[in-house]
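A.B. asks: Quick one: the structure is below, questions incoming.
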Amino acid sequence: LAPTSASREQLHAREGGVAIPHLVPLPLLGRSHRRETTASAAMAAAAAAAEPKTKYDRQLRIWGDQGQAALEKASICLLNCGPTGTEALKNLVLGGIGSVTVVDGSKVEQSDLGNNFLLDEGCLGQSRAKSICSFLQELNDAVKAKYVEESPATMIDTNPSFFSQFTVVLATQLPESSLLKLDSICRSANIVLVAARSYGLTGLVRVSIKEHCVIESKPDHSLDDLRLHNPWPELKQFAKSIDICDKDPVVHKHTPYIVILVRLAEKWADAHDGQLPSTRQEKREFKDLIRAHMLNVDEDNYKEAVESSYKVSVTPGISDEIRQIIDDSSSEVNFSSSDFWVLVASLKEFIANEGNGELPLEGTIPDMTSLTEVLCKLTKDLPS
């Protein structure tokens with residue numbers, strides 16, 4: 001039973017001086033109705049879960065789910081919400097930042113209306129921080145926006161612990177004396193400080209932080225880590241188990257190109273005092289050696305071997321960038337070291353011991369022409 005609406009008949013009837021709700025019977029819910037209700041709830045939940053991916057689709061393609069998750073966990077503090085700070089904050093709010101706190105003790109003046117697109121005439125005389133927060137919330141209601149009506153310089157002098165709750169402090173149009181104090185506060189708390197100042201059509205941005213460690217890098221180009229100049233033992237053993245001179249056309253045209261290169265690189269080294277092809281002429285001759293082992297011109301695996309023949313001469317080594325990281329004093333870890341430097345210390349120890357001076361093997365095999373069972377066996381022989 002449920003009360004009828006007041007528009008249909010009087011909501012309450014008087015009986016013995018007591019107000020009694022006027023009740024009407026509710027229809028019984030059948031199984032089909034319950035199923036429809038459950039399905040609707042499931043669809044609504046799925047739509048709610050998919051909404052962020054739809055909203056942030058373009059940026060997700062750039063920095064992925066992990067990058068977006070980091071963005072949504074970030075807490076930003078903006079000092080002074082003039083045009084420089086407001087423009088920067090607008091971009092962060094649209095990107096889905098977690099929360100933002102605006103610190104500004106000024107009131108909206110006539111001059112603000114000409115250079116700050118988030119303010120209008122209705123804001124005149126009101127708190128600038130409050131007005132900016134109100135408009136920012138309209139841009140993205142998923143972002144938590146707060147404000148503090150106080151001068152940033154006063155906040156820096158009287159309440160330095162206030163900044164410890166943020167992941168990034170964006171300081172705009174601050175004098176140098178306040179910036180130096182703020183930098184000391186942020187560095188001691190390991191908080192990113194971004195100082196921005198604009199002068200008409202010119203400006204500057206400075207980022208102050210002890211270090212910024214990136215683990216999930218997304219390089220534009222990467223080479224297959226096959227170590228063909230010095231194959232790992234399991235790969236050598238696997239390559240020797242396959243006869244690349246087998247005349248069976250099915251077997252011959254499905255021999256993985258990585259096996260072809262390992263076997264022919266050994267043959268080349270045996271004929272050249274243990275040296276692999278290095279000059280342009282030698283690399284050309286090595287390609288001719290690969291072609292000489294083809295039974296037919298339509299063997300895709302041998303074409304792949306010719307195209308990848310340069311990998312035999314590539315010695316990956318350790319890049320200067322990685323060498324600089326593992327030689328950094330922070331790689332000598334202690335109880336306060338971050339996960340990043342613990343990983344670096346582990347890498348450094350591996351290179352010095354099991355790696356024999358080389359980085360760990362990536363452990364993946366690229367796509368190549370081969371029989372399924374052969375490729376599975378090759379993948380299984382990768383060192384774990």
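Be aware that the sequence shown starts at 1, since it is given in the UniProt record's numbering, and climbs by one per residue.
Even glycine gets a Cβ: it sits at the ideal position worked out from N, Cα and C.
(1) Tell me CYS77's beta-bridge partners as DSSP assigns them.
(2) Can you check DSSP and say which residues form a bridge with LEU193?
(3) Looking at ALA74 and GLY98, is the spacing between their C-beta atoms short of 7 Å?
(4) If you check the beta carbons only, do ASP104 and ALA129 fall under 7 Å apart?
(5) In the DSSP assignment, the alpha helix (DSSP H) including VAL251 goes from what residue to what residue?
(6) With DSSP collapsed to three states, give me the class of SER198.
(7) Roughly how many angstroms lie between the CA atoms of ALA142 and CYS186, to the nearest whole one?
(8) Which residue marks the beginning of the alpha helix (DSSP H) containing LYS303, and which one marks its end?
(9) Among PRO277, GLU150 and ASN230, which one has its Cα closest to the Cα of GLY317?
(10) With distance defined between alpha-carbon atoms, name the residue in LEU347, LYS311, THR315 and PHE340 nearest to ARG323.
(11) Can you round the beta-carbon distance between ALA345 and SER329 to whole angstroms, since I take them to be within the 8 Å contact cut?
(12) Examine the ligand PLP and report whether any of its heavy atoms sits within less than 6 Å of the Cβ of SER99.
(13) Is there contact between the segment 60 to 80 and the segment 170 to 177, where contact requires at least three CB pairs shorter than 8 Å?
(14) For LYS144, which beta-bridge partners are listed by DSSP?
(15) For PRO366, which residues from the same chain have a beta carbon less than 7 Å from its beta carbon, with the 5 sequence-adjacent residues on both sides left out?
(16) Determine the direct distance from the alpha carbon of SER309 to that of LEU261, and round the result to whole angstroms.
(17) In three-state terms, what does DSSP make of GLY85?
(18) My output table needs one value for GLY357: the three-state DSSP class, helix, strand or coil.
(19) Quick one, which of PRO83, ASN159, GLY64 and SER131 has its alpha-carbon nearest LEU201's?
(20) Going by DSSP, which residues form a beta bridge with LYS107?
(21) Are SER134 and VAL108 closer than 7 Å when you measure CB to CB?
(22) Report yes or no: do the segment 113 to 120 and the segment 160 to 167 share at least 3 C-beta pairs separated by less than 8 Å?
(23) Please report the distance separating the alpha-carbon of ALA196 from that of ILE351.
(24) Expressed to the nearest angstrom, what Euclidean distance is found between the alpha-carbon atoms of ALA292 and LEU226?
(25) If the criterion is Cβ atoms closer than 7 Å, does the pair VAL214 and ALA145 meet it?
(26) Restricting to Cα atoms, I'd like to know which of ASP288, ALA153 and PRO277 is closest to THR315.
(27) Grab me the residues of PHE335's own chain with a C-beta within less than 6 Å of its C-beta, minus the 5 sequence neighbours each way, in chain order.
(28) Is GLN66 buried or exposed, if buried means 16 or more other CB atoms sit within 10 Å of its CB?
(29) Using the C-alpha atoms, what's the distance from THR54 back to ARG34?
(30) In terms of alpha-carbon separation, which member of TYR147, GLU176 and GLN137 lies closest to ALA153?
(31) Could you spell out the range, first to last residue, of the alpha helix (DSSP H) harbouring MET294?
(32) What does DSSP give as the partner residue(s) for GLY203 in the beta ladder?
(33) Does DSSP put PRO277 in a helix, a strand or coil?
(34) Take LEU136 and list the residues in its own chain whose beta-carbon comes closer than 6 Å to its own, dropping the five residues that flank it on each side.
(35) Please report the residue range of the alpha helix (DSSP H) in which TRP268 lies.
C.D. replies: Taking the coordinates as given:
(1) Taking the sequence shown and counting its residues from 1, one reaches residue 77 at position 77. When DSSP reads this structure, CYS77 sits in a beta bridge with THR101 and VAL169.
(2) Indexing the sequence shown from 1 puts residue 193 at position 193. Per DSSP, VAL169 and SER208.
(3) Taking the first residue of the sequence shown as position 1, residue 98 is located at position 98. Taking the first residue of the sequence shown as position 1, residue 74 is located at position 74. Contact flag set, yes.
(4) Taking the first residue of the sequence shown as 1, we reach residue 104 at position 104. Taking the first residue of the sequence shown as 1, we reach residue 129 at position 129. ALA129 is positioned such that its CB atom lies closer than 7 Å to that of ASP104.
(5) Translated into positions along the sequence shown, residue 251 becomes position 251. For VAL251, the uninterrupted alpha helix (DSSP H) segment begins and ends at 249 to 252.
(6) Against the sequence shown, residue 198 aligns to sequence position 198. Strand.
(7) Here residue 142 corresponds to residue number 142 of the sequence shown, with the count starting at 1. Here residue 186 corresponds to residue number 186 of the sequence shown, with the count starting at 1. Cα-Cα distance, rounded: 27 Å.
(8) Counting from 1 along the sequence shown, the entry for residue 303 is found at position 303. First-last of the alpha helix (DSSP H) with LYS303: 300 to 307.
(9) The residue given as residue 317 occupies position 317 in the sequence shown. Considering only alpha carbons, the answer is ASN230.
(10) Counted from its first residue, the sequence shown places residue 323 at position 323. For the residues LEU347, LYS311, THR315 and PHE340, the minimum Cα distance to ARG323 belongs to LEU347.
(11) One-based indexing of the sequence shown puts residue 345 at position 345. One-based indexing of the sequence shown puts residue 329 at position 329. With a Cβ gap of about 11 Å, ALA345 and SER329 do not count as contacting.
(12) This structure simply doesn't include the ligand PLP, nor any ligand for that matter.
(13) Between the segment 60 to 80 and the segment 170 to 177, the count of Cβ pairs shorter than 8 Å is three or higher; the stretches touch.
(14) Residue mapping note: residue 144 aligns to position 144 of the sequence shown, counting from 1. Under DSSP, LYS144 takes part in a beta bridge, and its partners are SER99.
(15) As a first step, residue 366 is located in the sequence shown; it is residue number 366 there, counting from the start. Excluding positions up to five away in sequence, the list reads ASP224.
(16) Taking the sequence shown and counting its residues from 1, the one referred to as residue 261 is at position 261. Taking the sequence shown and counting its residues from 1, the one referred to as residue 309 is at position 309. Their backbone Cα atoms lie some 7 Å apart in a straight line.
(17) As a working mapping, residue 85 is identified with position 85 in the sequence shown. Three-state result, GLY85: helix.
(18) By 1-based counting over the sequence shown, the position of residue 357 is 357. Under the three-state reduction of DSSP, GLY357 is assigned to coil, being neither helix nor strand.
(19) For the purposes of this step, residue 201 is taken as the residue at position 201 of the sequence shown. Distances from the alpha-carbon of LEU201 to those of PRO83, ASN159, GLY64 and SER131 put PRO83 closest.
(20) For this step, residue 107 is matched to residue 107 along the sequence shown. Partner(s): SER127.
(21) Along the sequence shown, read from residue 1 onward, the residue named residue 134 stands at position 134. Along the sequence shown, read from residue 1 onward, the residue named residue 108 stands at position 108. Taking 7 Å as the Cβ cut-off, SER134 and VAL108 do not qualify as a contacting pair.
(22) With fewer than three CB-CB distances shorter than 8 Å, the segment 113 to 120 does not count as touching the segment 160 to 167.
(23) As a working mapping, residue 196 is identified with position 196 in the sequence shown. As a working mapping, residue 351 is identified with position 351 in the sequence shown. Answer to the nearest angstrom: the Cα atoms are 42 Å apart.
(24) Here residue 292 refers to the residue found at position 292 of the sequence shown. Here residue 226 refers to the residue found at position 226 of the sequence shown. Cα to Cα, ALA292 sits roughly 23 Å from LEU226.
(25) As a working mapping, residue 214 is identified with position 214 in the sequence shown. As a working mapping, residue 145 is identified with position 145 in the sequence shown. Their beta carbons are not under 7 Å apart, which means VAL214 does not touch ALA145 by this criterion.
(26) Start at 1 with the first residue of the sequence shown, and residue 315 comes out as number 315. Nearest C-alpha to THR315: PRO277.
(27) As a working note, residue 335 is residue 335 in the sequence shown. The answer is none, since no qualifying residue turns up.
(28) On the sequence shown, residue 66 is found 66 positions in, with the first residue counted as 1. With fewer than 16 other Cβ atoms within 10 Å, it is exposed.
(29) Residue numbering aside, residue 34 sits at position 34 when the sequence shown is read from its first letter. Residue numbering aside, residue 54 sits at position 54 when the sequence shown is read from its first letter. Residue placement at ARG34 cannot be trusted, given a pLDDT of 46 that sits under 50; what the coordinates show is reported in the next sentence. One Cα belongs to ARG34, the other to THR54, and the distance between them is close to 29 Å.
(30) If you number the sequence shown from 1, residue 153 lands on position 153. Cα-wise, what sits closest to ALA153 is GLU176.
(31) Here residue 294 corresponds to residue number 294 of the sequence shown, with the count starting at 1. Careful: MET294 lies outside any alpha helix (DSSP H) and carries neither H nor E.
(32) As a working mapping, residue 203 is identified with position 203 in the sequence shown. The partner list for GLY203 (beta bridge, DSSP) reads SER198.
(33) The residue labelled residue 277 in the question sits at position 277 within the sequence shown. If DSSP states are grouped into helix, strand and coil, PRO277 belongs with coil.
(34) On the sequence shown, position 136 is the one that residue 136 refers to. Beyond the five residues adjoining it in sequence on each side, LEU136 comes within less than 6 Å, by CB distance, of VAL93 and ALA145 in the same chain, given in chain order.
(35) Mapped onto the sequence shown, residue 268 falls at position 268. If you look at TRP268, you'll find it in the alpha helix (DSSP H) that goes 257 to 271.
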